[in-house]
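Respectively, the protein sequence lines represent chains A, B and C. Quick note, our numbering runs 75 ahead of the 1-based positions in the first sequence. Quick note, our numbering runs 941 ahead of the 1-based positions in the second sequence. Quick note, our numbering runs 718 ahead of the 1-based positions in the third sequence.
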Amino acid sequence: MATTHLQTDGTAPAAVPARSGTGTPATRWLGIATFALFALLLLLGLVTTPADVVQGESVRILYVHVGTVWVAYLAFIVTAISSAAYLSKRTRSLTWDRIAGASAEIGVLYMGVTLLTGSLWGRLSWGTFWVWDARVTTTAFMFITYIGYLAVRGLGGSHDQRARRSAVVALLAVVEIPLVHFSVKMWRSVHQDASVAGRTSDVTLDGQMLFALLVGTVAFTVMYVWYVLHRQRVLAMEDAIDDRGLDRALLERRNEAL
Amino acid sequence: MNLARTARLIAAKDLRVELRSRVVVNQVLPFAALVMVLFAFALDSESALKRTAPGLIWLGTIFSLLIVVQRSFAIETADGALDALRVAGVNPAGIFVGKSLALALQLLVLELLLVVLSVILYATTLDPAGAVLLVTTLVPATLGLAFVGTLYGGLAAGAKGRETLLPLLLFPVVAPVLIGATRATEAAFGVSGAATGEGWPWVGLLVIFATLFGVGGTLAFGPLIEE
Amino acid sequence: MKDLGFILLSYVSALGSTAALAWWVLRRGRTLARQVPDEDKSWT
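Next comes the structure, spelled out in structure tokens:
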């Protein structure tokens, strides 16, 4: 961790940091790409693509919905892998913990957006805001589960405690989520609801519409990478400030004893 | 000291604490009974109650699970007992299994009470085949609940601001048990024309759940309670 | 028409929350960077 640069009287070094933020050339390029892709998505999604023959204008919602659901799932996979990387003694490093946390944050946000946009699309396409099938219900559960994960990260304690606890919770979630999906699937299959099965079958798109969908997916993915890079740097700084505060407190205590 | 012996000692300790303090018997069982009565007030229809009785039994169980888990860890954190066990080098996996078994036993008593109340208050019926299914359902369902309860209870135990986290963490995880146990119990009671045979796949689901979290919990408990 | 409202709400929530998140993380980055000496910034 950071070496202590406190002078013996406990004051901070006089130098003012030269780097004003968390940006680097890489993230600047990613940021520009994200912005451009979203602009393109807006153009394609709202203006240039035609309405669907079957669904009408509501298909436009899919161009953002599919992007956010894909990234939400990606984010949680990354959180799980980073959690495992932290717990493994060979690769233990708080950087993995911070990546896991950053990834889960944007994952929760996009999971929420997914549920909202999916609900709106469902209302337009089938007339209902909600449907009790395995996919939708599991998505809602993932949303709640990762809110819980973020709450565990906020419990306090040392950085290692935070990392360990949340890593375990994330990996348990990898067990829990498929179980929830499977049980809901079993449950709904009992009800033999043909109209439900029809509703959740995948929509086929082609040409311009497929391209818009792709742009949306790539746009949200690039945004995800951009965010995780920035956010884990912010978390590193927050941890560093924590550590310095601790160092300072220890130094003061030691000076008191002298 | 090996895992089995540790588990047995911890389980015995927890049960002895309950026998002496009678907190579950005096407070949680009445709470669960009260919940069953409140359901009747809310649903206000004898046919609806009879139809939903299996779900109400397991909802009552899950609400009570919260309290029993918090109690299970309150007795540890009160005097820093969990830390003392950990520092003394007691196998955390043994602590996990031991506390889970003690918790499971207490839950079993609670569930049996709720089944009896269901027969009395909701007029559900049970034939011999159904009884076999019910008893077989209770074992993996209870173990599953006990395992996840102990696991997340250990995480949420003690320090300020952590107790309110337990429901948020626990309830999503117990959903498969709620689904599976309710469906199996419906088959056992013959609710809505469900045949007893239909319950067995659900028992399978409950066994998978209990196994996964039994193993997962045994592995995860150590890192979780480490300070 | 209801369609347009829902469609706009979808785009506003998805892109709006994205923009808000981006703005927040950059701002937080700047605020903290002032308090943290460069040695602690591994990306410089």
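Using N, Cα and C, we set each Cβ at its ideal position, and we do this for glycine too.
{"Check": "Runs of alpha helix (DSSP H) wholly within the segment 159–201 of chain A (minimum 4 residues, chain order)", "Outcome": "169–200"}
{"Check": "For B:GLY1094 and B:GLN1011, the rounded distance between their alpha carbons", "Outcome": "7 Å"}
{"Check": "Nearest residue (CA-CA) to B:ALA948, options B:ALA1116, B:LEU1044, B:PHE1130", "Outcome": "B:LEU1044"}
{"Check": "Residues that DSSP places opposite B:ASP1024 in a beta bridge", "Outcome": "Beta-bridge pairing links B:ASP1024 to no other residue."}
{"Check": "Chain B contact residues for A:LEU247, given Cβ-Cβ distances below 7 Å", "Outcome": "GLY1157, ALA1161"}
{"Check": "Own chain, CB closer than 6 Å to A:ALA177, minus 5 neighbours either side, in chain order", "Outcome": "VAL303, ARG306, GLN307"}
{"Check": "Selection of the segment 217–228 of chain A by Cβ proximity to chain B, strictly under 8 Å", "Outcome": "ILE219, THR220, ILE222, GLY223, ALA226, VAL227"}
{"Check": "Burial state of A:HIS266 (16 or more Cβ within 10 Å)", "Outcome": "exposed"}
{"Check": "Same chain, Cβ closer than 6 Å to B:GLY1121, neighbours up to 5 away in sequence not counted", "Outcome": "TRP1143, LEU1146, LEU1147"}
{"Check": "Exposed unless 16 or more other CB atoms sit within 10 angstroms - verdict on B:ASN943", "Outcome": "exposed"}
{"Check": "is_contact[A:VAL250, chain B] using C-beta, thresh 7 Å", "Outcome": "yes"}
{"Check": "Delimiting residues of the alpha helix (DSSP H) encompassing A:GLU251", "Outcome": "234–266"}
{"Check": "Proximity winner among A:GLY142, A:ALA155, A:VAL211, A:ILE107, relative to A:HIS256 (alpha-carbon distances)", "Outcome": "A:VAL211"}
{"Check": "Helix, strand or coil at B:ALA952 according to DSSP, with G and I counted as helix", "Outcome": "helix"}
{"Check": "Cut-off 8 Å between Cβ atoms - residues of its own chain near B:LEU1074, not counting five sequence neighbours on either side", "Outcome": "ALA1125, ALA1128, ALA1129, THR1137, GLY1140, TRP1141, VAL1144"}
{"Check": "Close-in-space but distant-in-sequence residues of the same chain around A:ALA294 (CB under 8 Å, 5 per side omitted)", "Outcome": "THR109, LEU112, PHE113, LEU115, LEU116, GLY142"}
{"Check": "The segment 125–139 of chain A in contact with the segment 723–730 of chain C per 3-pair CB rule at 8 Å", "Outcome": "yes"}
{"Check": "Counterpart residues of A:ASP127 in DSSP-defined beta bridges", "Outcome": "A:GLY131"}
{"Check": "Cβ neighbour criterion (16 or more within 10 Å) applied to B:PHE1154", "Outcome": "buried"}
{"Check": "Cβ neighbours of B:THR1123 in the same chain (closer than 7 Å, five flanking residues each side left out)", "Outcome": "PRO995, GLY996, TRP999"}
{"Check": "Between the CA atoms of B:LEU1079 and A:ILE152 - distance to the nearest angstrom", "Outcome": "34 Å"}
{"Check": "Environment of A:LEU317 [buried if 16+ CB atoms lie within 10 Å]", "Outcome": "The displayed chain sequence assigns Asp, not Leu, to residue 317 of chain A. Label assigned to A:ASP317: exposed."}
{"Check": "Residue from B:THR1002, B:PHE1112, B:LYS991 with nearest C-alpha to B:LEU1054", "Outcome": "B:THR1002"}
{"Check": "Straight-line Cα distance separating C:LEU739 from A:MET261", "Outcome": "38 Å"}
{"Check": "Neighbour-count burial assignment, A:LYS164, 16 or more Cβ in a 10 Å radius", "Outcome": "exposed"}
{"Check": "Within chain C, partners of A:THR192 - CB distance below 8 Å", "Outcome": "SER728, SER731, ALA732"}
{"Check": "The segment 243–258 of chain A touching the segment 208–222 of chain A, judged by at least three CB pairs closer than 8 Å", "Outcome": "yes"}
{"Check": "Nonlocal neighbours in the same chain, by C-beta distance under 7 Å from A:ILE107, ignoring five residues either side", "Outcome": "none"}
{"Check": "Extent of the continuous alpha helix (DSSP H) run through A:LEU333", "Outcome": "Where A:LEU333 is concerned, there is no enclosing alpha helix (DSSP H), given that its DSSP letter is neither H nor E."}
{"Check": "Residue-chain proximity (C:ARG745, chain A), Cβ-Cβ < 7 Å", "Outcome": "no"}
{"Check": "Environment of A:ALA324 [buried if 16+ CB atoms lie within 10 Å]", "Outcome": "exposed"}
{"Check": "C-beta neighbour in chain B for A:VAL255, strict 7 Å", "Outcome": "yes"}
{"Check": "Exposure label - A:ALA332; buried when at least 16 CB within 10 Å", "Outcome": "exposed"}
{"Check": "Within-7 Å CB hit, A:ALA269 to chain C", "Outcome": "Summary for A:ALA269: the model assigns pLDDT 46, below 50, so the residue's position carries little reliability, and this model does not support an answer."}
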